[in-house]
Amino acid sequence: MSSDKLNSQSNSEIVVKNISKSFGAGPFAKEVIKDCSFTIESNKLTVMIGPSGCGKSSIIQLIAGFEMPTSGEITMNGEPIVGPGKDRLVLFQESALFPWMTTYDNIMYGPRARGEGGAEAAELAEFLLVKVGLEAFRDKYPAQLSGGMQRRAELARAMINKPEIMILDEPFRGLDHMSKELMWEYYSGLYEEDRSTNFFITTDIDEAIFLADRLLVMTNLPTSTREVIEIDIPRPRKIDDVADSDRANEIKTEVMTLLHEEAMKSFSGGSKAAADFLEAYSKRAG
Amino acid sequence: MKKPRKRSMLANERDNGMNIRKFRDGLFSKSTLRGISAIIIFGIIWELGARSEELFGYRWPFLGLVPAPSAVFVSWGGLIGDPSYWQSWYMSFLRVFAGFMAAVVIGIPLGLFMAVNKTFYGMAFPSFEVLRPIPPLAWVPASIIFWPTQELSIAFVTFLGAFYTIVINVLGGARSINKQFLQAAQSMGASQWDIFKRIILPATLPSIVVGAAVGMGITWEVVVAAEMISGGGSSGGGAGGGLGFFIWSSYVGGSYEQIIVGMISIGIAGYMSSELLRQTGGLLTPWLKTR
Numbered sequence: 023m024s025s026d027k028l029n030s031q032s033n034s035e036i037v038v039k040n041i042s043k044s045f046g047a048g049p050f051a052k053e054v055i056k057d058c059s060f061t062i063e064s065n066k067l068t069v070m071i072g073p074s075g076c077g078k079s080s081i082i083q084l085i086a087g088f089e090m091p092t093s094g095e096i097t098m099n100g101e102p103i104v105g106p107g108k109d110r111l112v113l114f115q116e117s118a119l120f121p122w123m124t125t126y127d128n129i130m131y132g133p134r135a136r137g138e139g140g141a142e143a144a145e146l147a148e149f150l151l152v153k154v155g156l157e158a159f160r161d162k163y164p165a166q167l168s169g170g171m172q173r174r175a176e177l178a179r180a181m182i183n184k185p186e187i188m189i190l191d192e193p194f195r196g197l198d199h200m201s202k203e204l205m206w207e208y209y210s211g212l213y214e215e216d217r218s219t220n221f222f223i224t225t226d227i228d229e230a231i232f233l234a235d236r237l238l239v240m241t242n243l244p245t246s247t248r249e250v251i252e253i254d255i256p257r258p259r260k261i262d263d264v265a266d267s268d269r270a271n272e273i274k275t276e277v278m279t280l281l282h283e284e285a286m287k288s289f290s291g292g293s294k295a296a297a298d299f300l301e302a303y304s305k306r307a308g
Numbered sequence: 006m007k008k009p010r011k012r013s014m015l016a017n018e019r020d021n022g023m024n025i026r027k028f029r030d031g032l033f034s035k036s037t038l039r040g041i042s043a044i045i046i047f048g049i050i051w052e053l054g055a056r057s058e059e060l061f062g063y064r065w066p067f068l069g070l071v072p073a074p075s076a077v078f079v080s081w082g083g084l085i086g087d088p089s090y091w092q093s094w095y096m097s098f099l100r101v102f103a104g105f106m107a108a109v110v111i112g113i114p115l116g117l118f119m120a121v122n123k124t125f126y127g128m129a130f131p132s133f134e135v136l137r138p139i140p141p142l143a144w145v146p147a148s149i150i151f152w153p154t155q156e157l158s159i160a161f162v163t164f165l166g167a168f169y170t171i172v173i174n175v176l177g178g179a180r181s182i183n184k185q186f187l188q189a190a191q192s193m194g195a196s197q198w199d200i201f202k203r204i205i206l207p208a209t210l211p212s213i214v215v216g217a218a219v220g221m222g223i224t225w226e227v228v229v230a231a232e233m234i235s236g237g238g239s240s241g242g243g244a245g246g247g248l249g250f251f252i253w254s255s256y257v258g259g260s261y262e263q264i265i266v267g268m269i270s271i272g273i274a275g276y277m278s279s280e281l282l283r284q285t286g287g288l289l290t291p292w293l294k295t296r
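Here is the structure:
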């Protein structure tokens with residue numbers, strides 16, 4: 023069986039144009055995103071990295087259509103996004119597998135919810151179970167799966183809906199280092215198979231560089247795009263190759279410098295005590 | 006050919022052995038033994054206390070005034086064959102069942118509707134919160150006035166006992182659903198009805214089961230008190246008055262052993278109902294067992 027079963031409609035791209043988002047109103051409004059623009063190019067894996075708590079998850083809420091931007095516009099293939107849809111599926115930070123459904127029922131949720139849970143969907147579900155290596159866990163509940171298995175089950179649950187764009191919000195956060203690296207290779211393998219449009223959010227530099235075709239480095243709160251870096255490391259990628267690659271280390275240094283600057287800004291901008299601490303620390307070091 | 010068969014037989018034997026051992030371990034496990042020995046020790050102390058006057062020459066406080074367990078068992082033995090005793094069981098169970106089922110049937114949809122509909126929540130919640138602290142027993146006089154039969158007023162008070170607990174648990178459970186479950190379902194194209202049926206309802210089930218279990222306990226407390234106050238309902242006259250009335254009429258008739266029999270009967274009946282509910286709840290929420 024080939025992966026063309028899953029071939030999603032390609033050439034989908036999302037353009038984010040000058041969006042801002044504030045929560046609350048009046049003098050208590052807190053601006054989370056400010057004049058942020060970027061493009062999620064079609065058939066590429068775009069990774070967004072930024073300091074934690076910088077508003078990346080808010081961007082996902084907007085792209086997924088769960089919330090609307092305060093100003094600016096997000097379009098998908100030229101059409102403005104007005105609400106959630108199965109063309110843009112989100113994998114959340116924590117597992118959102120339904121605890122009361124078995125792995126199989128979880129995967130079948132989307133098709134069944136749309137009244138498409140027939141033989142074709144069932145066959146695709148079995149195919150995906152094998153693909154994510156969970157055929158032995160078909161009738162287990164999520165609580166019986168390990169963290170890595172849960173993430174794979176969730177990938178399958180998203181893939182069965184053949185989304186045009188897959189949005190992943192720090193999906194491997196909280197996994198131990200070994201499972202994380204396995205998931206990187208596994209996920210990038212899946213991506214390399216069909217090269218659909220993927221948007222991946224992370225705070226982990228190694229993860230970002232290993233996975234990305236394009237890397238968006240974000241500023242601190244209120245967030246916007248600081249830098250776009252093309253990651254020209256050849257695919258298919260293997261953990262060891264990338265770890266040893268000079269180009270990867272070069273990019274890593276660059277990204278770390280950018281992120282460090284952003285982190286510093288938040289220190290001096292945010293808290294007097296933190297700034298004092300930094301000053302004292304640099305004096306002692308000097 | 007021989008080898009695999011032999012192996013599978015061995016495997017079978019091992020499995021059977023495991024099952025029997027599991028059963029034996031369950032029956033004679035430390036916690037079961039602890040429970041049984043605690044009851045036996047309690048019975049001995051009680052027996053000694055109740056007979057303290059003839060055994061030690063002076064009466065122990067409290068326990069010295071209570072009928073001895075042996076006397077209670079003798080009295081119980083006499084009642085086992087008495088249909089009116091079982092009629093009391095039957096009447097109490099019937100009232101608990103009626104009140105509890107009414108609370109489930111009305112309380113679960115009400116709690117769910119309050120959770121999903123903001124307008125209805127805004128309208129209903131304040132009145133609900135004013136009514137909730139009123140103890141069910143405070144309703145007894147009013148319900149005797151506005152229900153045509155005593156039977157209905159007892160059932161109504163019993164219903165109130167379980168109702169508030171069930172509603173508040175369902176409401177709390179349905180309102181604390183992980184937002185990501187709803188967003189995930191929404192983005193996969195689920196309709197509002199499908200989200201209610203396959204996300205909100207199962208996600209609330211554990212809270213429903215907890216609410217029902219707590220409500221069941223309160224139901225037994227309430228039914229007994231209501232039976233005492235109302236004089237045993239329409240059938241009256243001792244027989245058919247329920248376990249609460251059984252205790253009361255035993256007290257009035259001066260049969261202290263029977264008071265204890267009635268009390269223990271309620272304890273057993275309550276335990277049976279809770280266990281039944283726990284088993285049903287377990288069947289409804291199989292995924293919780295795997296944790």
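Going line by line, the protein sequences match chains A and B.
Residues 23 to 308 (our numbering) make up the first sequence, in order.
Residues 6 to 296 (our numbering) make up the second sequence, in order.
For glycine and all other residues, C-beta sits at the position ideal for the given N, C-alpha and C.
Computed from a predicted model, the values in this text were never measured in an experiment.
Would you say residue i faces chain B, with C-beta separation under 8 angstroms as the test?
i, result
"Arg160/A", "no"
"Lys108/A", "yes"
"Arg257/A", "no"
"Phe50/A", "no"
"Glu170/A", "For the record, residue 170/A in the displayed sequence is Gly; it is not Glu. Chain B contact via Cβ: absent."
"Arg136/A", "yes"
"Val37/A", "no"
Return no unless some Cβ of chain A is closer than 8 angstroms to the Cβ of residue i.
i, result
"Ala207/B", "According to the sequence shown, residue 207/B is Pro rather than Ala. Yes - at least one Cβ of chain A is within 8 angstroms of the one on Pro207/B."
"Phe201/B", "no"
"Trp192/B", "One detail in the question is off: residue 192/B reads as Ser in this sequence, not Trp. Cβ-Cβ to chain A under 8 angstroms: yes for Ser192/B."
"Gln197/B", "no"
"Ile213/B", "no"
"Ile204/B", "yes"
"Gly243/B", "In this predicted model, Gly243/B has a pLDDT of only 41, less than 50, meaning its place in the structure is not dependable enough to derive any value."
"Trp292/B", "yes"
"Tyr276/B", "no"
Take residue i and list the residues in its own chain whose beta-carbon comes closer than 6 angstroms to its own, dropping the five residues that flank it on each side.
i, result
"Leu151/A", "Glu157, Arg160"
"Ile187/A", "Ser34, Arg110, Thr219"
"Ile264/B", "Ile252, Ser255, Tyr256"
"Cys76/A", "Met240, Asn242, Leu243, Thr245"
"Ser57/B", "Arg64, Trp65, Gly69"
"Asn99/A", "Ser34"
Give the secondary structure of residue i by DSSP, where H, G and I count as helix, E and B as strand, and everything else as coil.
i, result
"Pro153/B", "coil"
"Lys39/A", "strand"
"Phe60/A", "strand"
"Phe194/A", "coil"
"Lys108/A", "coil"
"Leu156/A", "coil"
"Ser24/A", "A caution first: Ser24/A carries a pLDDT of 40, below 50, which makes its placement in the model too unreliable to give a value."
"Glu214/A", "helix"
"Gly272/B", "helix"
"Pro102/A", "strand"
"Thr219/A", "strand"
"Thr124/A", "coil"
"Ile129/A", "helix"
"Met90/A", "coil"
Would you mind telling me which residues of chain B sit closer than 8 angstroms to residue i, beta carbon to beta carbon, in chain order?
i, result
"Ala86/A", "Gln188, Ser192"
Excluding sequence positions up to five away, which residues of its chain have a Cβ less than 8 angstroms from the Cβ of residue i?
i, result
"Trp51/B", "Leu68, Val71, Ala73, Pro74"
"Ala218/B", "Ser279, Leu282, Arg283, Gly286"
"Gly222/B", "Gly275, Ser279"
"Val102/A", "Sequence check: residue 102/A is Pro here, not Val. These residues qualify, in order along the chain: Glu95, Ile96."
"Ile129/A", "Ala147, Leu150, Leu151, Ala175, Ala178, Arg179, Ile182"
"Val54/A", "Lys43, Ser44, Phe45, Gly77, Ser80, Leu243, Pro244, Thr245"
Please go through the same chain and pick out, in chain order, the residues whose beta-carbon is closer than 7 angstroms to the beta-carbon of residue i, but skip the five residues on each side of it.
i, result
"Tyr213/A", "Leu67, Asn220"
"Leu280/A", "Val239, Arg248, Glu249"
"Glu262/B", "Pro72, Ala76, Val77, Ser80"
Report the neighbours of residue i on chain B: residues whose CB is nearer than 7 angstroms to its CB, in chain order.
i, result
"Pro121/A", "Trp292"
"Gly132/A", "Met193, Gly194"
Could you list which residues in chain A have their beta carbon closer than 8 angstroms to that of residue i, in chain order?
i, result
"Gln185/B", "Phe114, Glu116, Ala118"
List, in order along the chain, the chain B residues whose C-beta lies closer than 9 angstroms to that of residue i?
i, result
"Asn183/A", "Ser192, Met193, Gly194"
"Leu111/A", "Ala189, Ser192, Met193"
Okay, do the region 169-185 of chain A and the region 193-208 of chain A touch, 3+ Cβ pairs below 8 angstroms being the bar? Yes, the region 169-185 of chain A touches the region 193-208 of chain A.
For the 8 angstroms Cβ check, are there 3 or more pairs between the region 110-119 of chain B and the region 156-172 of chain B? yes
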